[in-house]
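For reference, the structure discussed in these notes is given below.
2 protein chains.
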Amino acid sequence: MSAYIPDPVVKRLPMYYRYLKELERNNQMFISSTELAKLTGLTASQVRQDVNAFGGEGRQGCGYPVIEMRKYIGKLLGKTTVKKMVVVGMGNLGRAIVRYEAFFHDGYQTSAVFDCQSQKTGLKIGPLTVQHIRDLESVLAENPADIAVLTLPASAAQEMAERLYRCGIRGFWNFAPVDLHLPDDASVVNVHLDESLELLSYRLNQKKRIQP
Amino acid sequence: MSAYIPDPVVKRLPMYYRYLKELERNNQMFISSTELAKLTGLTASQVRQDVNAFGGEGRQGCGYPVIEMRKYIGKLLGKTTVKKMVVVGMGNLGRAIVRYEAFFHDGYQTSAVFDCQSQKTGLKIGPLTVQHIRDLESVLAENPADIAVLTLPASAAQEMAERLYRCGIRGFWNFAPVDLHLPDDASVVNVHLDESLELLSYRLNQKKRIQP
DNA sequence: TAGATTGTTAATCGATTAACAATC
DNA sequence: TAGATTGTTAATCGATTAACAATC
Chain A
1 MSAYIPDPVV KRLPMYYRYL KELERNNQMF ISSTELAKLT GLTASQVRQD VNAFGGEGRQ
61 GCGYPVIEMR KYIGKLLGKT TVKKMVVVGM GNLGRAIVRY EAFFHDGYQT SAVFDCQSQK
121 TGLKIGPLTV QHIRDLESVL AENPADIAVL TLPASAAQEM AERLYRCGIR GFWNFAPVDL
181 HLPDDASVVN VHLDESLELL SYRLNQKKRI QP
Chain B
1001 MSAYIPDPVV KRLPMYYRYL KELERNNQMF ISSTELAKLT GLTASQVRQD VNAFGGEGRQ
1061 GCGYPVIEMR KYIGKLLGKT TVKKMVVVGM GNLGRAIVRY EAFFHDGYQT SAVFDCQSQK
1121 TGLKIGPLTV QHIRDLESVL AENPADIAVL TLPASAAQEM AERLYRCGIR GFWNFAPVDL
1181 HLPDDASVVN VHLDESLELL SYRLNQKKRI QP
């Protein structure tokens, strides 16, 4: 279970997890690589290679056990331990993410939210009260967190990330349109919404040129 | 300019665009593949291959012209024509995206926002008024759009996407945790926030196991 | 046992890296 | 001309696909 898994496979794990959850809801006990391939849009061969890469096990002539595999991938994805999060930057997006939380099936818990504007301090966002960023260190010292959600301007992101790193944070969910540079023991996952929309725009243009 | 560009290269275009914009702000006229590689975290060789793949041109002994290349990639990304968007689902995320819009450097214009809850109809989100989803067809017939932003529950996403497709929408920016199935002339880009967070969770777990 | 489907090895494909000649 | 850096060809690497023997 602790062997190295190639990055392309890792990036597909959440998708597999999502479909296995769905199959579990539908009370399907086993799923063949062919069926799973159809659902995910991959080839059956790739599904089998992936399963082998992440250490899953199936039953010949029968397929993969849905519940067992869902649990197994869940463990890989760290679903077994609750992750504490803090959100930095209470703009529209930051607030949406905090409120949205129920969406993220359990396993995540937002423990504090921060903003640098004094006028926002004290504001209630769901069950949490916005705290001033100047109190970041003391709040995190008292109540350490695993993940910081960065929903702040690009210009402030790098510096804030370093500050959060010094507070012990090692996971960064970055919504600011910059690439963060942090020590190797930090993990960063970017959600670059602007780039995502640009990609869609590119594809739209391509299709328009080719199809008609 | 209309030649086929491999997908891995296309996905890096927005990043190149972002760095070139930054260099332009700093009044840097030329950038070498080596420098650009340092910024983006790629190798110089890959940068040169990428540039060749998307049809960019540099000057030997000098590097790539920043402004020209920024404009060129901008054209590829469809920055030259304004894209009209409608947002379907006025939950926290939908509202955040509408308000956030200024963030997306010009080139996008939200023309209408919808929700299926009558109680939300009439609500003002920035300069727009929430319309009931039952009016989708008539609104889009009068004022066609290029892109639909789907910020609604997974259970409703596929059906809504098909309905939007029938209204002439071909670009889908999908925030619902499902994979959409649409005709080939539609383009879908997913923003699966839950999966993104799971990926971070995975990496966090890996590092915890290896580092200490 | 027969049928189905995995697990695994080999073949292919494409992306990245390396090297260097062309040229500004 | 000399130095720098691109453009491009070749080599490597890794991911995906194909094939089939193992086995439930």
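These protein sequences, in sequence, are chains A and B.
All letters in the first sequence, in the order written, are residues 1 to 212 by the working numbering.
All letters in the second sequence, in the order written, are residues 1001 to 1212 by the working numbering.
Note that the Cβ used here is the ideal one computed from N, Cα and C, for glycine as well.
Cα-Cα separation between residue i and residue j, rounded to whole angstroms
i	j	result
Ala94 (chain A)	Lys1207 (chain B)	The residue you asked about is not Ala; residue 94 (chain A) is Gly in the sequence shown. Going by the C-alpha atoms only, they are around 26 Å apart.
Leu231 (chain A)	Ser1196 (chain B)	Shown here, chain A extends from 1 to 212; a query on residue 231 (chain A) therefore has no answer.
Leu1023 (chain B)	Arg59 (chain A)	56 Å
Gly56 (chain A)	Asn26 (chain A)	21 Å
Val113 (chain A)	Gly89 (chain A)	8 Å
Gln158 (chain A)	Arg134 (chain A)	16 Å
Leu204 (chain A)	Glu1142 (chain B)	21 Å
His132 (chain A)	Phe172 (chain A)	20 Å
Leu1136 (chain B)	Tyr72 (chain A)	43 Å
Ala1156 (chain B)	Gln1117 (chain B)	13 Å
Pro1153 (chain B)	Glu1035 (chain B)	44 Å
Pro1052 (chain B)	Asp1106 (chain B)	The question names Pro, but residue 1052 (chain B) in the sequence shown is Asn. Going from the Cα of Asn1052 (chain B) to the Cα of Asp1106 (chain B) covers about 28 Å.
Lys79 (chain A)	Lys1075 (chain B)	42 Å
Leu1199 (chain B)	Pro1177 (chain B)	14 Å
Gln119 (chain A)	Val149 (chain A)	21 Å
Leu77 (chain A)	Met29 (chain A)	22 Å
Ala1003 (chain B)	Val82 (chain A)	48 Å
Asp7 (chain A)	Asp1007 (chain B)	17 Å
Gly1061 (chain B)	Ser1138 (chain B)	58 Å
Arg1209 (chain B)	Arg209 (chain A)	49 Å
Beta-carbon contacts of residue i that lie in its chain and below 6 Å, excluding the five residues immediately before and after
i	result
Arg1048 (chain B)	Ser1033
Leu1123 (chain B)	Val1130
Tyr1202 (chain B)	none
Ala1037 (chain B)	Thr1043, Ala1044 and Val1047
Leu140 (chain A)	Cys167
Leu1128 (chain B)	Val1113
Asp1115 (chain B)	Met1090 and Val1130
Proximity below 9 Å, CB of residue i to CB of residue j
i	j	result
Leu164 (chain A)	Val86 (chain A)	yes
Phe1175 (chain B)	Val1191 (chain B)	yes
Arg1170 (chain B)	Asp1194 (chain B)	no
Asp50 (chain A)	Tyr19 (chain A)	no
Ile5 (chain A)	Phe54 (chain A)	yes
Ala1145 (chain B)	Gly1168 (chain B)	yes
Ile1147 (chain B)	Tyr1108 (chain B)	yes
Thr1121 (chain B)	Lys1084 (chain B)	no
Interface partners of residue i on chain B, CB under 7 Å
i	result
Glu57 (chain A)	By Cβ distance, chain B contributes nothing, its closest Cβ being about 20 Å from Glu57 (chain A), past 7 Å.
Met15 (chain A)	Glu1195
Leu93 (chain A)	Ala1096 and Tyr1100
Leu76 (chain A)	Tyr1202
Gly61 (chain A)	Here the premise fails: no neighbours, minimum Cβ distance about 28 Å.
Lys11 (chain A)	Leu1199
Residues of its chain near residue i, where Cβ-Cβ distance is below 7 Å and the 5 sequence neighbours each way are ignored
i	result
Ile1031 (chain B)	Leu1023, Gly1063, Tyr1064 and Val1066
Gly1091 (chain B)	Thr1151
Met1069 (chain B)	Leu1020 and Gly1056
Ala161 (chain A)	Leu150, Phe172, Leu180 and Leu182
Val213 (chain A)	Outside the displayed range of chain A (1 to 212) lies residue 213 (chain A), so it cannot be described from this structure.
Interface residues of chain A facing residue i [CB-CB closer than 7 Å]
i	result
Pro1177 (chain B)	Arg18
Val1087 (chain B)	Residues of chain A passing the Cβ test: none, with the nearest at roughly 12 Å.
Neighbouring residues, chain B, relative to residue i (Cβ below 8 Å)
i	result
Val189 (chain A)	Ser1196, Leu1197, Leu1199, Leu1200 and Arg1203
Contact set between residue i and chain A, taken where Cβ atoms lie within less than 8 Å
i	result
Glu1050 (chain B)	A small correction: the amino acid at residue 1050 (chain B) is Asp; Glu does not occupy that position in the sequence shown. The contacting residues do not exist; Asp1050 (chain B) stays about 14 Å from chain A at best.
Asn1143 (chain B)	Within 8 Å Cβ-Cβ: nothing; Asn1143 (chain B) doesn't reach chain A, min ~18 Å.
Gly1171 (chain B)	Leu200, Ser201, Arg203 and Leu204
Gly1041 (chain B)	Asp179
Closer than 9 Å at the beta carbon, the chain A residues around residue i
i	result
Tyr1072 (chain B)	Within chain A, no residue comes near Tyr1072 (chain B); the closest Cβ sits about 13 Å away, beyond 9 Å.
Ile1147 (chain B)	Leu197, Leu200, Ser201 and Leu204
Tyr1108 (chain B)	Leu197 and Ser201
Lys1083 (chain B)	Leu197, Leu200, Ser201 and Leu204
Other residues of its chain near residue i: CB distance less than 8 Å, five sequence neighbours each side excluded
i	result
Thr1040 (chain B)	Arg1012, Met1015, Tyr1016, Tyr1019 and Val1047
Chain-ordered chain B contacts of residue i [CB-CB under 9 Å]
i	result
Arg25 (chain A)	None at all; the shortest Cβ gap to chain B is about 12 Å.
Gly166 (chain A)	According to the sequence provided, residue 166 (chain A) is Arg. The question's Gly does not apply to it. Under the 9 Å cutoff, chain B gives no residues; its nearest Cβ is about 17 Å from Arg166 (chain A).
Whole runs of the beta strand (DSSP E) within the region 178-208 of chain A, excluding any shorter than 3 residues: 187-190
In chain order, what are the residue ranges of uninterrupted beta strand (DSSP E) at least 3 long that sit wholly in the region 92-172 of chain A? 108-115, 128-132 and 147-150
Length-filtered (3 minimum) beta strand (DSSP E) runs lying within the region 1008-1045 of chain B: none
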